[in-house]
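Note sheet for the following structure.
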Amino acid sequence: FRLERSELLGEDEFGEFGPDELEYYVDARGTFDKVPLCPDDESLAASGADVAIVGAPTDDGTSGRPGARFGPRAIRSAPTTWGRDAWSIQLEVEPYERLTVVDAGDAPVVPSRHARALRVIHEKVFRVAGSGAIPVVLGGDHSITYPSAAAVARHVWPRRVGVVHFDAHADAADSISGSLISHGTPMRRLIDEGWVQGSNFVQVGLRGYWPEKATFDWMRAQGFRWHTIVEVEERGVDAVVDDAIAESLDGPEVVYLSVDIDVVDPGMAPGTGTPEPGGMTGRELLRAVRRIVGAVELAGMDVVEVSPPYDQSEVTSMLAYRVVMEALSSLAARRT
Ligand code: MN
Ligand code: MN
Numbered sequence: 018f019r020l021e022r023s024e025l026l027g028e029d030e031f032g033e034f035g036p037d038e039l040e041y042y043v044d045a046r047g048t049f050d051k052v053p054l055c056p057d058d059e060s061l062a063a064s065g066a067d068v069a070i071v072g073a074p075t076d077d078g079t080s081g082r083p084g085a086r087f088g089p090r091a092i093r094s095a096p097t098t099w100g101r102d103a104w105s106i107q108l109e110v111e112p113y114e115r116l117t118v119v120d121a122g123d124a125p126v127v128p129s130r131h132a133r134a135l136r137v138i139h140e141k142v143f144r145v146a147g148s149g150a151i152p153v154v155l156g157g158d159h160s161i162t163y164p165s166a167a168a169v170a171r172h173v174w175p176r177r178v179g180v181v182h183f184d185a186h187a188d189a190a191d192s193i194s195g196s197l198i199s200h201g202t203p204m205r206r207l208i209d210e211g212w213v214q215g216s217n218f219v220q221v222g223l224r225g226y227w228p229e230k231a232t233f234d235w236m237r238a239q240g241f242r243w244h245t246i247v248e249v250e251e252r253g254v255d256a257v258v259d260d261a262i263a264e265s266l267d268g269p270e271v272v273y274l275s276v277d278i279d280v281v282d283p284g285m286a287p288g289t290g291t292p293e294p295g296g297m298t299g300r301e302l303l304r305a306v307r308r309i310v311g312a313v314e315l316a317g318m319d320v321v322e323v324s325p326p327y328d329q330s331e332v333t334s335m336l337a338y339r340v341v342m343e344a345l346s347s348l349a350a351r352r353t
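Just so we're aligned: 90 in this note's numbering is position 73 of the sequence shown, and the numbers increase by one with no gaps anywhere.
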């Protein structure tokens, strides 16, 4: 790592909330699937959790429609959650029987201080990973993947992490409107700072008209691998996902999975900030998540860009909740 270059490390942006004050809340409506709340290091360690949900409720990195700061609240309280008796029909497993899952609460972000938000998210995810739990981070806009994936990379070091990134957008611009910490730039920061190698950064579902050619030229020079929506159409989800798994693990031993809900067609996931027509189906995304988490050692994941103010009938937050459930069920099934 070239840690001296990282924007994520240092004390000056914590402000009145020091790095030791990460014992924070979840929305009063409750934890993810009513699992126990373990917001501090002590309760998290005592829980022996295999997986910990973390909220990252910021959307100060958004360039278009905002609202993703309400994503964690909406995903945690998605309309059809099942609680402890959940039974995966897809995988024939009871995820909460085989896994200890807790909710570590939210990283203590405050609005309008985005650099600080990314630092406290980094610290929170790093502590969760340090407890031995796999962090499952609920965004928030996609800028949170920079501190979150970096925290996982820092935790697993000297093992390396590969990234599988589902998105309509590559999010690898150098800057957006002069900002280095936009939701359009997190993948560039992860590569520039050395947290992840470009050759192990794999993107699925890209489409539309952004970013511009120069960014793709930079990605190619870094060794990025990407699979556009056209390739998903032509080869099918399984073939593309199998390639993505192999490419992400071409060197690394563990995988960080980042799911931007806008990889799914806006007809099935309208509640997002930067919708792009012509996306995957919800069914394809859930299948892909099962296939990846069932095949790799998952070191961390996030589900980002759910913007409840733009949602219809809560379908987007339900889909995001199901993305997490498919990951939990796949982790559970591996323990059979
Ligand atoms: Mn994104
Ligand atoms: Mn996107």
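C-beta: ideal position from N, C-alpha, C; glycine also.
In this text the structure is predicted, and so the values were computed from the model without any measurement.
Query, Result
"Helix, strand or coil for Arg177? Go by DSSP, reduced to three states.", "coil"
"By DSSP, does Thr245 sit in helix, in strand, or in coil?", "strand"
"What are the start and end residues of each continuous beta strand (DSSP E) run of 3 or more residues lying completely inside the stretch 58–112, in chain order?", "68–73"
"Is there at least one non-hydrogen atom of ligand 1 closer than 7 Å to the beta-carbon of His186?", "yes"
"Please check the pair Val340 and Val306, which I expect to be a contact at CB under 8 Å, by giving their CB distance rounded to whole angstroms.", "6 Å"
"Given a cut-off of 8 Å, decide if Val276 and Phe183 are closer than it, judged by their beta-carbon atoms.", "yes"
"So Leu26 and Val119 are supposed to be a Cβ contact under 8 Å. How far apart are they, rounded?", "That pair is no contact at about 27 Å."
"With burial defined as no fewer than 16 other Cβ atoms inside 10 Å of the residue's Cβ, what is the status of Val247: buried or exposed?", "exposed"
"Just to check, is the beta-carbon of Glu229 closer than 7 Å to a non-hydrogen atom of ligand 2?", "no"
"Along the beta strand (DSSP E) that carries Gly317, what are the first and last residues, could you check?", "Leu315 to Val321"
"Under 8 Å between the Cβ atoms of His159 and Val321?", "yes"
"Within 10 angstroms of the Cβ of Gln220, are there 16 or more other Cβ atoms? Answer buried if so, exposed if not.", "buried"
"Are at least three pairs of beta-carbons, each pair with one atom in the stretch 150–168 and one in the stretch 96–112, less than 8 Å apart?", "no"
"Is the stretch 226–241 touching the stretch 251–258 in the sense that three or more CB pairs, one from each, lie closer than 8 Å?", "no"
"What are the start and end residues of the alpha helix (DSSP H) that includes Gly147?", "His131 to Gly147"
"Count the other C-beta atoms from every protein chain shown that fall within 10 angstroms of the C-beta of Asp77, then say buried if there are 16 or more, exposed otherwise.", "buried"
"Going by beta carbon distance, what residues of the same chain come within less than 6 Å of Ser64, once the five residues before and after it are set aside?", "Cys55 and Val119"
"With DSSP collapsed to three states, give me the class of Gln329.", "coil"
"Reducing DSSP to helix, strand and coil, say where Ser192 ends up.", "coil"
"Would you list the one or two residues that DSSP bridges to Ile151?", "Val68"
"So is Gly222 buried or exposed if we call it buried at 16+ other beta carbons inside 10 Å?", "buried"
"Counting only the same chain and skipping the five closest in sequence on each side, list residues whose C-beta sits under 7 Å from that of Thr365.", "Given a span of 18 to 353 for the chain in the structure shown, any question on residue 365 remains unanswerable."
"In three-state DSSP terms, what is Ala256?", "helix"
"Closer than 6 Å by C-beta to Ser23: which residues in its own chain qualify, once you throw out the five before and the five after it? Chain order, please.", "Glu210"
"Tell whether a beta-carbon distance below 8 Å holds between Ser324 and Gly88.", "yes"
"How would you label Trp174, buried or exposed, when you count the other beta carbons within 10 angstroms and need 16 or more for buried?", "exposed"
"Which first and last residues belong to the alpha helix (DSSP H) in which Gln239 is found?", "Lys230 to Gln239"
"Using DSSP bridges, identify the partner residues of Gly156.", "Ala73"
"Note down the Cα distance separating Asp188 from Ala256, rounded to an integer number of angstroms.", "24 Å"
"Pull the bridge partners of Leu223 from the DSSP assignment, please.", "Thr245"
"Does DSSP classify Ser275 as helix, strand or coil?", "strand"
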